[in-house]
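Notes for the one structure printed next.
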Amino acid sequence: MFLLWALPVVLYLLYRWSTATYDYFEKRNIPYVKPIPFFGQVWSFFSQEKHAVDVASEGYYMFPDTRISGAFMFQTPAYLVHDPVLFKEMAIRDFDHFADHVTELSLERDPLLARSLFFATGARWRHHRSGLSPAFTGSKIRNMFVLVSKSASDAMDRLVLFSRGKPFSMELRDLYSKLGNDAMTSISFGVEVDSLTHPDNEFFLKGKRLAKVDGLPGFKILMTTILPGLFKFLRLGILYKDVNEFYLEAVSTNIHYRERNLINRPDFIHLLLQARKNELNTEQTEDDALQSAGFSTAETHAVQQQGGTGDKLKWEDIDITAAAASFFFGGIESTTTVLCFTSYELALGSGPRTSPIAWCD
């Protein structure tokens, strides 16, 4: 009898708790996508009715004549910026006001993710951003192209060797996954690998686990969004411990080898080592060009990088590893996906080839 009475009360309290913030945008007269209790706007993603990109852009198409709209990630209200002028102001002039993230990870349990720009907060975020901003200028990124070109050329040589003059078939996603891993490993970690010939190499296997956002790691990421307090109380980590240890050891060994042998290589590790020495500066002409293009560069990187207390920014090996891992994570899956879709479009006919060929010419 008690359970029959208590169950409706518990369900009602859970409902009230899950919808307690759902009047946030209504009070502010901001149009918003109507949320579903407990899930907010993301129910259609979990029910596999819509892709994550379609879920994120719902407000944009639902309210085309407004500068901003609202959405709910579970209970958390979030703004969707429609106006490119407003977005540019946020991304450049007022960017320092958006330093903190909702999710705060443990430096002990997640030594790499917690130090990445995506999860860092406060002074650590500002320090790392000021150090990394000069690394993403056009000339420095272009200098890395030779590494991408070499990875692609090596992959083509392997395919010619595999074919032995005869036609053969290969799953394109698997090919691009290995090619992307080799290119991003070379750029991010300064290590050349051959995943086509040696698919069981540690960098390829650990790279797949680093980029894994489903299964247990995906559940933990979801937990940091829904129940961040419980996630912190349980002292959980998102990345596997052996993945953290592998990349830290690999990058530290790479750094020490370069320093002993005075090796310079046009990759991300080299740029981060320059940041460690406060030598990573951006030419004025590049800064002006990037500012006019709408990129957030600027007033944050000085020759002498300072913290909030006046201390110089220090880039330890683990900070360099975290930045390199973030760079790898940001490029590996997107590279594979873009190559797959591009190949599909090119296979459909000559139409999609016209514009790229004309642009290259």
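Residues -20 to -1, 1 to 341 in mature numbering (1 follows the signal peptide of the UniProt record, and there is no 0) are what the sequence shown lists, from first letter to last. We put the beta carbon where it would ideally sit given N, CA and C, even for glycine.
If we count the other Cβ atoms within 10 Å of its Cβ and call it buried at 16 or more, is residue i buried or exposed?
i           : result
Ala327      : exposed
Leu242      : exposed
Glu279      : Here Glu279 scores only 45 on pLDDT, less than 50, and its place in the model should not be relied on; the value that follows carries that caveat. So Glu279 ends up on the exposed side.
Asn234      : buried
Val223      : buried
Val126      : exposed
Phe142      : exposed
Arg47       : exposed
Ala(-15)    : exposed
Asp134      : buried
Gln55       : buried
Val173      : buried
Arg122      : exposed
Arg240      : exposed
residue 360 : Because the chain here runs from -20 to 341, residue 360 falls outside it and cannot be looked at.
Gly170      : buried
Ser323      : exposed
Ser306      : buried
Ala163      : buried
Is the beta carbon of residue j closer than 9 Å to that of residue i?
i      : j      : result
Leu176 : Ala132 : no
Asn161 : Lys120 : no
Asp247 : Ser314 : no
Ile298 : Pro91  : yes
Cys320 : Arg138 : no
Arg88  : Phe99  : According to the sequence shown, residue 88 is Glu rather than Arg. No, they are not a contact pair.
Ile316 : Tyr59  : Correcting the residue type first, residue 316 is Thr in the shown sequence and not Ile. Against a cut-off of 9 Å, the Cβ pair of Tyr59 and Thr316 comes out as no contact.
Phe308 : Ala191 : yes
Leu97  : Leu112 : yes
Leu216 : Lys200 : yes
Pro114 : Leu260 : yes
Ser86  : Lys212 : yes
With distances taken Cα to Cα, identify the nearest neighbour of residue i among the options.
i      : options                             : result
Glu214 : Leu253, Tyr156, Leu139 and Thr204   : The sequence given here places Leu at residue 214; Glu does not occur at that position. Closest by alpha carbon: Thr204.
Ala303 : Ser37, Ala51, Leu253 and Phe148     : Leu253
Trp105 : Thr46, His77 and Gly118             : His77
Lys7   : Gly50, Thr117, Phe18 and Ser149     : Gly50
Pro44  : Phe52, Glu69, Thr56 and Val13       : Val13
Ile10  : Leu216, Ser157, Tyr40 and Lys68     : Tyr40
Phe184 : Thr301, Val(-12), Phe199 and Thr165 : Thr165
Lys221 : Glu239, Pro197 and Ala115           : Pro197
Glu296 : Asp180, Ser323 and Ala255           : Ala255
Pro57  : Ala36, Phe75, Leu66 and Val65       : Ala36
Ser232 : Thr301, Ile218 and Asn181           : Thr301
Arg95  : Val318, Lys294 and Val128           : Lys294
Indicate, with yes or no, if the ligand MG has a heavy atom lying under 8 Å from the CB of residue i.
i     : result
Tyr40 : Judged by which ligands are present, the structure shown has none, so any question about the ligand MG falls away.
Tell me the rounded alpha-carbon separation between residue i and residue j.
i           : j        : result
Met136      : Lys130   : 10 Å
Ala(-1)     : His250   : 49 Å
Asp34       : Gln21    : 11 Å
Leu(-17)    : Gln28    : 34 Å
residue 347 : Val61    : The structure shown does not extend to residue 347, since the chain is modelled only from -20 through 341, so no value can be given for it.
Phe226      : Tyr237   : 17 Å
Leu(-7)     : His108   : 40 Å
Glu151      : Lys186   : 21 Å
Tyr2        : Met42    : 18 Å
Trp(-4)     : Thr117   : 46 Å
His178      : Met53    : 41 Å
Phe5        : Glu69    : 22 Å
Phe26       : Gly145   : 47 Å
Glu325      : Asn258   : 44 Å
Asp63       : Asn244   : 43 Å
Leu207      : Phe18    : 12 Å
Arg73       : Ala338   : 37 Å
Ala71       : Ile16    : 30 Å
Trp23       : Gly195   : 18 Å
Ala282      : Gly102   : Caution applies to Ala282, whose pLDDT of 42 falls short of 50 and renders its modelled position unreliable; the value that the coordinates give is listed next. Cα to Cα, Ala282 sits roughly 19 Å from Gly102.
Glu182      : Val140   : 24 Å
Ile218      : Leu202   : 10 Å
Gly329      : Val318   : 18 Å
Phe67       : Leu228   : 36 Å
Ala32       : Val(-12) : 34 Å
Ser149      : Asp180   : 20 Å
Met124      : Phe75    : 27 Å
Val128      : Gly310   : 15 Å
Does the CB of residue i have a neighbour CB from chain B at under 9 Å?
i      : result
Leu242 : The structure shown contains no chain B, having only a single protein chain.
Alpha helix (DSSP H) runs wholly inside the segment 157 to 198, at least 4 long, in chain order: 182 to 190
Beta strand (DSSP E) runs wholly inside the segment 15 to 79, at least 3 long, in chain order: 48 to 53 and 56 to 61
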